[in-house]
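Residues 1 to 230, numbered by the UniProt record's numbering, are exactly what the sequence shown covers, in order.
Here a beta-carbon is modelled for each residue, glycine too, at the ideal position from N, C-alpha and C.
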Amino acid sequence: LADLDVLEKALTKVKKSAKSGDKELKIKSEVLEKIYNKAAEGIQLRNIVSGDDIKYIKEFNLLTIKPVLYVANVDEDGLADDNEYVSQLKKVAEKENAGCVKISCKLESEIAELDEEEKNEFLDEMGLEKSGLEKVIAGGYELLDLITFFTAGEKEVKAWTIKKNTKAVEAAAKIHSDISRGFIRAEVCSFDIFKEYKSLQKIKEAGKMRLEGKEYIVKDGDIIYFRFNV
């Protein structure tokens, strides 16, 4: 209802302005009218708005175009198999092009009291690969098309969040504009390689560190050392 109200007011205003003969305003008016009619039918806008239409409605901050992640809270037994309610929720999420994850808040409260080693043992005993919190975070990242890459120095390791399909030179700018401006190359290894060798020095000695240029598309979990000169 809120989106309908916003669209109705915007459509009235744009239609009036479009009478001036401005081609761009005419297109905007047509797009808004199309989207308004769909919203009036109760259709979630995130399912129908894409491509060029986005730029015409971005300014209105419509609620039903925002990504949605449903979180189903179940008991311990419900983590293994979906109950009736979770199955229904997953169907709704699929229909709305939304995300859906299943967690047990009771178990999460227990996990929160454990250190990292105890947590991993607990998850193994429960037959779970990830905690509920990790599932929610991963679900959010997937929904928003985000990934993480890492930089590792002598004093700290840091995680950086970027959009999928980001180029190496653009990822460098996330750290500092000087690194992007003076980009020479990126020394890259995957997180799986790091888990195998446990040390960047050993990875280099084994010849597993790759050299990539500006156009390299950063992958989720990449560990990167940027070479630059300004």
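Worksheet item: Heavy atom of the ligand FMN less than 7 Å from the Cβ of Phe122, yes or no?
Response: Within the structure as shown, the ligand FMN is missing, as the structure has no ligands at all.
Discussion item. Contact between the segment 159–166 and the segment 116–128 is defined here as three or more beta-carbon pairs at a separation below 8 Å; is this criterion met?
Written reply: Contact between the segment 159–166 and the segment 116–128 is absent, because fewer than three Cβ pairs lie under 8 Å.
Item to complete: On a CA-only basis, which of Gly132, Glu212 and Val14 is nearest Tyr70? Give me that one, please.
Response: Gly132
Fill in: Alpha carbon of Ile48 to alpha carbon of Ile35, nearest angstrom
8 Å
Worksheet item: For the segment 4–16 against the segment 50–63, are there 3 or more C-beta pairs whose distance is under 8 Å?
Response: The segment 4–16, when compared against the segment 50–63, does touch it at the 8 Å Cβ threshold.
Worksheet item: For Glu212, which three-state DSSP category applies?
Response: strand
Discussion item. From the DSSP secondary-structure annotation, give me the bridge partner or partners of Lys158.
Written reply: Beta-bridge pairing links Lys158 to Thr151.
Discussion item. I'd like the list of long-range same chain contacts for Val6, defined as Cβ closer than 7 Å, with 5 residues on each side in sequence excluded.
Written reply: Phe60 and Leu62
Worksheet item: With distances taken between CB atoms, is the gap from Ile223 to Phe194 smaller than 8 Å?
Response: Annotated as proximal: Ile223 and Phe194, with beta-carbon spacing under 8 Å.
Fill in: Cβ pair Lys90, Cys100 closer than 8 Å
Their beta carbons are under 8 Å apart, which means Lys90 touches Cys100 by this criterion.
Worksheet item: Which two residues bound the contiguous alpha helix (DSSP H) that contains Lys90?
Response: Glu84 to Lys95
Worksheet entry | Exposure of Ala138, with buried meaning 16 or more beta-carbon neighbours within 10 Å | exposed
Worksheet item: Around the C-beta of Val92, are 16 or more other C-beta atoms found within 10 angstroms, so that it is buried, or is it exposed?
Response: exposed
Worksheet entry | Reference Asp3, options Glu30, Ala18 and Ile43, closest by Cα | When only C-alpha atoms are compared, the closest one is Ile43.
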